[in-house]
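Since the structure comes first, as structure tokens, the remarks are kept for the end.
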Amino acid sequence: MRSLADRPVNPSVGETVAHESAALHVTGTALYTDDLVFRGARVLHLWPVQAPHAHARVTALRTAPAMTVPGVVRVLTAEDVPGTNDAGTKHDEPLFPDEVMYYGHAVCWVLGETLEAARLGAAAVEVEYEPLPSILTLTEAIAAQSFQGNQPTVARGDAAAALAAAPHRFTGEFEMGGQEHFYLETHASLAHVDESGQVFVQSSTQHPTETQEIVAHVLGLHAHDVTVQCLRMGGGFGGKEMQPHGLAAVAALGAVLSGRPVRMRLNRTQDMTMTGKRHPFHATWEVGFDDDGHLLALRATITSDGGWSLDLSEPVLARALCHIDNAYFIPDVEVHGRIGKTHKTSQTAFRGFGGPQGMLVIEDILGRCAPALGIDPAELRRRNLYEPGQSTHYGQPVRHAERLRDVWDQVVERSDFEARRQQVAAFNAAHRHLKRGIAITPVKFGISFNFTAFNQAGALVHVYKDGSVLINHGGTEMGQGLHTKMRQVAATALGLPLGRVRLAPTRTDKVPNTSATAASSGADLNGGAIKDACDQIRERLAEVAARKLNVHPDDVRFVDGRVTGIGFHDQDLSFEEVVGAAYSQRVQLFAAGYYRTDGIHWDASRMQGEPFKYFSFGAAVSEVEVDGFTGAYRFVRTDIVHDVGDSLSPLIDLGQIEGGFVQGAGWLTLEELRWDTSDGEHRGRLATQAASTYKLPSFSEMPEELNVHLYERATESGVVYGSKAVGEPPLMLAFSVREALRAAAAAFGPEGTVVELASPATPEAVYWALDAARSAERSGPGAPRSKTGLPARHDGGAAAPGAAAPGAAAPGAEETARTGTPGAADADGRRPEPVART
Ligand code: MTE
Ligand code: MOS
Numbered sequence: 001m002r003s004l005a006d007r008p009v010n011p012s013v014g015e016t017v018a019h020e021s022a023a024l025h026v027t028g029t030a031l032y033t034d035d036l037v038f039r040g041a042r043v044l045h046l047w048p049v050q051a052p053h054a055h056a057r058v059t060a061l062r063t064a065p066a067m068t069v070p071g072v073v074r075v076l077t078a079e080d081v082p083g084t085n086d087a088g089t090k091h092d093e094p095l096f097p098d099e100v101m102y103y104g105h106a107v108c109w110v111l112g113e114t115l116e117a118a119r120l121g122a123a124a125v126e127v128e129y130e131p132l133p134s135i136l137t138l139t140e141a142i143a144a145q146s147f148q149g150n151q152p153t154v155a156r157g158d159a160a161a162a163l164a165a166a167p168h169r170f171t172g173e174f175e176m177g178g179q180e181h182f183y184l185e186t187h188a189s190l191a192h193v194d195e196s197g198q199v200f201v202q203s204s205t206q207h208p209t210e211t212q213e214i215v216a217h218v219l220g221l222h223a224h225d226v227t228v229q230c231l232r233m234g235g236g237f238g239g240k241e242m243q244p245h246g247l248a249a250v251a252a253l254g255a256v257l258s259g260r261p262v263r264m265r266l267n268r269t270q271d272m273t274m275t276g277k278r279h280p281f282h283a284t285w286e287v288g289f290d291d292d293g294h295l296l297a298l299r300a301t302i303t304s305d306g307g308w309s310l311d312l313s314e315p316v317l318a319r320a321l322c323h324i325d326n327a328y329f330i331p332d333v334e335v336h337g338r339i340g341k342t343h344k345t346s347q348t349a350f351r352g353f354g355g356p357q358g359m360l361v362i363e364d365i366l367g368r369c370a371p372a373l374g375i376d377p378a379e380l381r382r383r384n385l386y387e388p389g390q391s392t393h394y395g396q397p398v399r400h401a402e403r404l405r406d407v408w409d410q411v412v413e414r415s416d417f418e419a420r421r422q423q424v425a426a427f428n429a430a431h432r433h434l435k436r437g438i439a440i441t442p443v444k445f446g447i448s449f450n451f452t453a454f455n456q457a458g459a460l461v462h463v464y465k466d467g468s469v470l471i472n473h474g475g476t477e478m479g480q481g482l483h484t485k486m487r488q489v490a491a492t493a494l495g496l497p498l499g500r501v502r503l504a505p506t507r508t509d510k511v512p513n514t515s516a517t518a519a520s521s522g523a524d525l526n527g528g529a530i531k532d533a534c535d536q537i538r539e540r541l542a543e544v545a546a547r548k549l550n551v552h553p554d555d556v557r558f559v560d561g562r563v564t565g566i567g568f569h570d571q572d573l574s575f576e577e578v579v580g581a582a583y584s585q586r587v588q589l590f591a592a593g594y595y596r597t598d599g600i601h602w603d604a605s606r607m608q609g610e611p612f613k614y615f616s617f618g619a620a621v622s623e624v625e626v627d628g629f630t631g632a633y634r635f636v637r638t639d640i641v642h643d644v645g646d647s648l649s650p651l652i653d654l655g656q657i658e659g660g661f662v663q664g665a666g667w668l669t670l671e672e673l674r675w676d677t678s679d680g681e682h683r684g685r686l687a688t689q690a691a692s693t694y695k696l697p698s699f700s701e702m703p704e705e706l707n708v709h710l711y712e713r714a715t716e717s718g719v720v721y722g723s724k725a726v727g728e729p730p731l732m733l734a735f736s737v738r739e740a741l742r743a744a745a746a747a748f749g750p751e752g753t754v755v756e757l758a759s760p761a762t763p764e765a766v767y768w769a770l771d772a773a774r775s776a777e778r779s780g781p782g783a784p785r786s787k788t789g790l791p792a793r794h795d796g797g798a799a800a801p802g803a804a805a806p807g808a809a810a811p812g813a814e815e816t817a818r819t820g821t822p823g824a825a826d827a828d829g830r831r832p833e834p835v836a837r838t
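Structure below.
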């Protein structure tokens, strides 16, 4: 019996092929949802009426003035909703709200003959508001105890006791920013109703089934009355996992009420001001190390900024809690999670889904504590990597931990890390106002949905009489190359050249009850389902061929469109011949495939289990150069070794790794969402609502040298053709850039300077960090180095033998030299009790 991971001879999987729509993408002929508008007739257009308050009650809504605008057809309000006035799965998102929950919240929508008519109509709608007090920042939310959803704790062992006994203890606080998805294609839907009331919605959605469900419940229909199709997305990145539903429902409502096709497409500013983003997080932490720098315990409270409604905030938080270890073994752990409720867009999935935020907490801790421990950061990280046999804090064994170390060693070697560290040191010694930094960071990322039920998929495969193949599966294409991989899987399973397999767009009436294309699991799940369908067909064809070839069906082989008996190549049939014979013999030539990920379980209330099928590993080395006058930086070089198992499609995977890395670097460096947090009349307004004010990485921010290597001989048993997921994990390789920036900033100060770096590490933030390091040099021992201070070290009484935190009284000459703070005042660093930093 073959296993899921085994590959036949001459497989299509593993071949370097271009993205199946690459030519269409680059020639502008690929169709996106909104392109369909111009192929239809009598399409109506939607424009939202956005509230100019962070929080307010709608006291009056007068739509009549809009109806006097030429071309306005109708204004959609809560009264028009035949079903449930709710856009979410948590029932906390009124589609047409009477309470405005964030600046830009749409209170109603205008339907016009043209987009311009709809826009003018929206401007004519009169809305009266009673402004209410608002909570905007995480700090405000925490102070007001404004939380939503559950507050899980993940724990192992006794963190309090382990911290008390730890030779070295530090506490700190950290806040990281969110991120705008900035997919090139903004949210779009196009809705039709047919003669029998059947609703058909084309939507740019990562989760067609859930879009279907929300459209149905808003319209008061059953699921079988609504079909959702997604041709492709011009990027989703998690932003179209849950956010498209309400928007599609508004379009569908318009179509039902008008009897005409209705188009909803947000412009960039609407998209940025109305839809959710990556969650910002706040963390307070306390960590303990032994004398060798091994992590002993971590106690932390992490709070995400969920925005106005829950959306996916609970699972995002769960993933953050499950990834706070990143690649490191921490024996005793106690981490509490909370979701802040603020008057902002409802924050949502974004590549990594909380994983990056959790992992950033531990990477920041290690980056801050390494100099305080007097241990080189690369060495501190390496020492703490998981070893085979160890388990995570939620109870999952880290299978293949040896691969993690192997990946690490390979990137050290490929990047020439040791020699380049010397070069960086020499460069820094020779340059006073320009400093370089180099850093290495690992990635371990769990693959599967934490929510076990989502780990299933379906597919529908048709073989036509001429031997051509059409496949359909539940996954959506957002540029990540899923459809390319799925064609390769089908071609492999049927033993056909790739050109014989065509793919039809994702629709809910072909494959029902699908999961979101998310959690990087698209290829694992849908690939498993397609392979299942193809295997069924191939087995039926093998019986037909066996009769012709006079061999046992088990001995029939399908390779490159030819069908032979094992070892009997004198007799050789074409795939079409076998298909033709099968049709004549009335053998079914199509099949539904199904796949469920086995062996996973998760107890969400105890936060324990084995939620992930496996872990993806990677490691990156980055070098940066920082200007001491401005904080401006260059990305000099990045080397990556990443584990995708046996790649299904190497060129696609390379693109995913490069794209993920750059998107992560954007999150950690340039991209900064700013909201008006003043008490002025625009309180709550997103100030960065266009490409002019929201800085995305572009070619100039690519590392000047970027080397990506796929980890070899990496077969992942139990996954389709031995591959591993690739969509999200590479994003977190960008931690290496942030740590390199920290190292460069530190180089402006005395050796062993502890650097606190804001996230995003914009040039401005880097400037303040390096300036703090520099002033440590200038003002001498014990001077405070930044406004938030250094990680404070707390000697929990008797158990503290040696190492000094910077600013602490240094017990020995060696420690003093490391931290560069001889004779610092006691009061600076030695406090009897752990104190949370503010
Ligand atoms: N790559 C491109 N080009 N565009 C995208 O929108 N989304 C990412 C990743 N790579 C995305 C992408 C996210 S958030 C996920 S979860 C995965 O792709 C989803 O696809 P997969 O499961 O097929 O990997
Ligand atoms: Mo990806 S954030 O799981 O859509």
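Going by the UniProt record's numbering, the sequence shown wraps up at 838, each residue one higher than the last.
Positions of the beta carbon are idealized from the N, C-alpha and C atoms, including for glycine.
Note that this is a predicted model, so its numbers are computed, not measured.
Nearest to residue i (by Cα), restricted to the options the options
i: V636; options: D364, S649, V621, P650; result: V621
i: R405; options: F617, H462, A56, D311; result: F617
i: residue 842; options: N10, V17, M101; result: What is shown of the chain runs 1 to 838, which leaves residue 842 out entirely.
i: L670; options: A746, R62, G177, R42; result: G177
i: D416; options: F454, L733, I440, F449; result: I440
i: D86; options: E610, E387, F96; result: F96
i: S723; options: D643, E681, R562; result: D643
i: E712; options: V407, Q229, C108; result: V407
i: M242; options: Q145, Q270, E210; result: E210
CB contact flag (residue i, residue j, <7 Å)
i: I362; j: G149; result: no
i: L541; j: A582; result: yes
i: H181; j: F237; result: yes
i: V511; j: L460; result: yes
i: V489; j: L589; result: no
Start and end residues, beta strand (DSSP E) containing residue i
i: D35; result: No beta strand (DSSP E) holds D35; DSSP gives it neither H nor E.
i: Y583; result: Run containing Y583: none in the beta strand (DSSP E); it sits in the alpha helix (DSSP H), 575-584.
i: F635; result: 633-642
i: L686; result: Premise fails: L686 is in no beta strand (DSSP E) and is neither H nor E.
i: P48; result: 44-50
i: G565; result: 562-565
i: P131; result: 126-131
Status (buried if at least 16 other CB within 10 Å, exposed otherwise) for residue i
i: S12; result: buried
i: E815; result: Bear in mind that a pLDDT of 30 at E815, under 50, signals an unreliable position, so the number given afterwards is only what the model happens to contain. E815 should be labelled buried.
i: R421; result: buried
i: G802; result: Unreliable positioning characterises G802 in this predicted model, as indicated by a pLDDT of 33, which lies under 50. The coordinate reading is nonetheless provided below. Its Cβ having fewer than 16 others within 10 Å, G802 is exposed.
i: R403; result: buried
i: F170; result: buried
i: S204; result: buried
i: A734; result: buried
i: E705; result: exposed
i: G276; result: buried
i: G446; result: buried
i: T506; result: buried
Sheet register partners of residue i (DSSP bridge)
i: F615; result: G446
i: H462; result: L470, F590
i: L706; result: T638
i: M67; result: Looking at the DSSP assignment, M67 forms no beta bridge with any residue, so it has no partner.
i: F96; result: Answer by DSSP bridge pairing: none, since F96 is not bridged.
i: C230; result: T506
Span of the alpha helix (DSSP H) around residue i
i: W408; result: 401-414
i: S313; result: 313-322
i: N384; result: 377-384
i: G664; result: 650-665
i: N526; result: 522-549
i: S189; result: Run containing S189: none in the alpha helix (DSSP H); it sits in the beta strand (DSSP E), 188-193.
Neighbour flag for residue i against chain C, beta carbons, 7 Å
i: G112; result: Within the model displayed, chain C is absent; a lone protein chain is all it includes.
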